[in-house]
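Chains as they are written, first to last, in my numbering: chain A, 4 to 501; chain B, 19 to 433. Note that CB positions come from ideal geometry on N, CA and C, so glycine has one too. Nothing here was measured: the structure is a model prediction, and the numbers come from that model.
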């Protein structure tokens, strides 16, 4: 069903709206920016990066003109470094750490420099790593998202025969299907997956676990299995009208955009988006870019409680999104054609804080309001994969449905199964997933060979910890003259006047 | 506003900023524009038998995003006919009588050749001549330029020849491509030089094109060594200028040259004994306009320091330069880090650890990491202070060692 006729924009205008928000650096910009880096030792940016990329090292290599070496430093610590260069919340990670406490008003553009270096090798279709000397072990990886690609890369470099099982037709998981299009298009993550493929990793696409192959078969076939399955469908609202035409799931909406088949992307004049997380921001900003005249963000609490990053919120503000705080949906109303036509909401107010200190909200009696809108998008977070994972013998799930693992080895309760990414942490950034994939590769290697390898950025350098006080800032200096007095008799050098 | 005018070996100029003999002083129209921009004097691009230049001629070394930290050239002396240059000199001096106009000279090593050109120049009304005994490339292969300056006897002899032929002040421009600057300087003074100027450019190959593997600058696939100048050479020039300023035999004024781009650079040369300065690379980089801030900055500096005239700072730091053996061994400083200003880039830590004396241990304290100076181990070398990017964060603080000053000379003479 296409609603694109409701967009006042033509295809060219929409294409322009989906231009990259952070375009590639030019050579001149990259040289300038890389030279601006202080080259900190034990750098805050590296500490702030969940995969602990040696940021000063890769930046210094850009400055020296060693782009291959720069990309290798990045991919060594983060096999999805090209994706992360574009989608990482750098303001709260590396770049946030860079500017914090520094003398620079503006942090180094680490994300864009990372893109510059990785683009340089990816555009040439080059791999920066070699496949390890083969061993006789095979590993099955479920899911080709950031966690799976990361784990596969390290295992291939260690010499394992790796097979990735992916239910979708393209590899990359949320990197391919879930990123806001103005941040990154599918080309990047798919190319990144090709780098993994060139390391000898086999991709079995369109392969659904439980349908095409079972966990038992995987366990039988492989010496170890890594679960990087991510999360499931968007949480339901459980209100009347939720299944009406015109009501969408945020991830489905974004996935439609990712095809860039603009005529097939649903859009309406007025779009109500329910939720206030980063995915909700991706939805409201993209709905605006598709041409929706009015986009409303509906959230039961206020901007103080919203989980979206501040800079994402700023982006939505710049896109002239309307924010309806303390508003909760209670019903989606249909028009005479039985399509979504309005969102009935109630006003909310804060009650007493609960046991966690978070103030509860409750609806205000008789505060219903009907907001006319032809499209409703639910962005409420994703469900856990209880049904899929609950069936694996020995794999334990916690109360909210996340896989329980050893945090160092990522091994589950079933010794042959390891897990990482959103299915373990409940839904975080791609870069976090990449790190869990790395730790799992170390864990698998230790499990199968009893050997502890240290992959780049797996842990931070040891620092001696002491307790005590800093030395006083004010120097207790000798207050004598700077130097013994010297007679400064000045020889005259001016010549005589003629 | 402080008086910036100087009298250099009898040559007066409204300020101490002269253009050095180089491409920016190639012809009359250029020098006239430079005087209009504020330059106090100019040394005309070296006259001599007109030459044929090669293409290309320049190459530079960058430091990060700083362009042209060092510049290398293989351009020779003027390629314009002598009579054209002389005509323009005459016109220029007539139009700008209060500016210093000096003519750089380089001819073959014949008494008559030097006599003739010196007299021709004197006839134009120019204020002085500068003998180019420094050009290290091309001309030196023909027995001129640095080939003169590197042999004190030749330096003395040619200076005498020129002094025989003209009453104009004779400045001898020295080459730094010598083991010691003292013998050629003494020789020039002995030959009657009224002043010295230094340094000329330094022998250099600036680099190699890593794709073609041909050194820069490329002349049809080949390269030759050139003359190096620009900000990178300033410390070499300051050392040589101060050496001559400390030399009792050198009782003539010195024109400081080498890497001067700002009033600060100029002030340093003046403090170390130069009476004026000459500038080239910075003008080739940014144009004549840079002199405006040189004048303004030096003037403000003098006002703030309470000097009425630039002459008051000339040579003022010379007594502060001595030999290593006369330095106080008991002088002790240590580094102090202001942890309120520290951004924890830890450059001081790694510099001290790998480049100095391992006395800024890197410690985690109450959840944060700090570089902390171990003062008992600190030798006061300044390295951490130099690498620290935060102004005022690391200070070198004097400690009272409780001992009287003691030099190495005193120490060894006691034993």
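Item, Value
"Check the Cβ of residue 82 of chain B against every Cβ in chain A and list those closer than 8 Å, keeping chain order.", "38 and 66"
"Given residue 422 of chain B, which residues of its chain have a CB within under 8 Å of its CB, disregarding the five upstream and five downstream residues?", "348"
"Straight-line CA distance for residue 28 of chain B to residue 55 of chain B?", "24 Å"
"Which term fits residue 485 of chain A, buried or exposed, when burial requires 16 or more other beta carbons within 10 angstroms of its beta carbon?", "Its pLDDT being 43, under 50, residue 485 of chain A is placed unreliably by the model, and the measurement read from it follows with that caveat. Result: exposed."
"Can you name the start and end residues of the beta strand (DSSP E) that residue 315 of chain B belongs to?", "Note, residue 315 of chain B: premise wrong, no beta strand (DSSP E); alpha helix (DSSP H) at 309-323."
"At a Cβ threshold of 7 Å, is residue 41 of chain A touching chain B?", "yes"
"With residue 44 of chain A and residue 400 of chain B assumed to form a contact (beta carbons below 8 Å), what rounded beta-carbon distance in angstroms separates them?", "Incorrect: roughly 19 Å between the Cβ atoms, too far for contact."
"Just confirm the distance between the C-beta atoms of residue 211 of chain B and residue 188 of chain B, as a whole number of angstroms; I'd bet it's less than 8 Å.", "6 Å"
"Taking 7 Å as the threshold (beta carbon to beta carbon), is residue 407 of chain B in contact with chain A?", "yes"
"On a Cα-Cα basis, can you pick out the residue from A:52, A:20 and A:22 that is closest to residue 435 of chain A?", "A:52"
"To which residues of the same chain is residue 38 of chain B closer than 7 Å at the C-beta, ignoring the five residues directly before and after it?", "61, 275, 296, 297 and 298"
"Could you check how far apart the C-beta atoms of residue 42 of chain B and residue 301 of chain B are, in whole angstroms? I think they sit under 8 Å.", "5 Å"
"Tell whether a beta-carbon distance below 7 Å holds between residue 208 of chain B and residue 150 of chain B.", "no"
"With DSSP as the reference, please indicate the residues paired to residue 228 of chain A in a beta bridge.", "A:143 and A:420"
"Considering just the uninterrupted stretch of the alpha helix (DSSP H) at residue 178 of chain A, what are its terminal residues?", "177-180"
"Report yes or no: do three or more beta-carbon pairs, one from the region 195-203 of chain B and one from the region 166-176 of chain B, lie closer than 8 Å?", "yes"
"Anything in the region 111-129 of chain B with a Cβ closer than 9 Å to a Cβ of chain A? List those residues in chain order, please.", "none"
"Verify the CB distance criterion: does residue 364 of chain B have a CB-CB separation below 7 Å to chain A?", "yes"
"Please check the pair residue 135 of chain B and residue 65 of chain B, which I expect to be a contact at CB under 8 Å, by giving their CB distance rounded to whole angstroms.", "6 Å"
"In chain A, which residues lie less than 8 Å from residue 108 of chain B when you measure between Cβ atoms?", "What residue 108 of chain B touches in chain A: nothing, since even the nearest Cβ is about 20 Å away."
"If we ignore side chains and look at the alpha-carbon of each, how far apart do residue 81 of chain B and residue 305 of chain B end up?", "20 Å"
"Going by CA-CA distance only, name the one from A:420, A:412, A:266 and A:371 that's closest to residue 392 of chain A.", "A:420"
"Check residue 127 of chain A in the structure and name its three-state DSSP category.", "coil"
"How about residue 154 of chain B and residue 164 of chain B: do their beta carbons lie closer than 7 Å?", "yes"
"Any beta carbon of chain A sitting closer than 7 Å to that of residue 49 of chain B?", "no"
"From residue 99 of chain A to residue 247 of chain A, what does the alpha carbon distance come to, in whole angstroms?", "42 Å"
"To the nearest angstrom, how far is the alpha carbon of residue 476 of chain A from that of residue 412 of chain B?", "Caution applies to residue 476 of chain A, whose pLDDT of 47 falls short of 50 and renders its modelled position unreliable; the model cannot decide the point."
"Leaving out five residues on either side along the sequence, give the residues of the same chain with a beta carbon under 8 Å from the beta carbon of residue 313 of chain B.", "22, 33, 35, 56 and 281"
"State the DSSP-derived secondary structure class of residue 205 of chain A, mapped to helix, strand or coil.", "strand"
"In three-state terms, what does DSSP make of residue 431 of chain B?", "helix"
"Since residue 35 of chain A meets chain B, which of its residues come closer than 8 Å, beta carbon to beta carbon?", "83"
"Identify each residue in the region 367-384 of chain B for which the Cβ-Cβ distance to at least one residue of chain A is less than 8 Å, and report them in chain order.", "367, 368, 379, 380, 381, 382, 383 and 384"
"Suppose contacts are defined by Cβ-Cβ distances below 7 Å. Is residue 144 of chain B in contact with residue 111 of chain B by that definition?", "yes"
"At which residues does the alpha helix (DSSP H) containing residue 24 of chain B begin and terminate?", "It is not in any alpha helix (DSSP H) - residue 24 of chain B instead sits in the beta strand (DSSP E) that spans 24-26."
"Is it buried or exposed, residue 231 of chain A, if we count other Cβ atoms within 10 angstroms and call 16 or more buried?", "buried"
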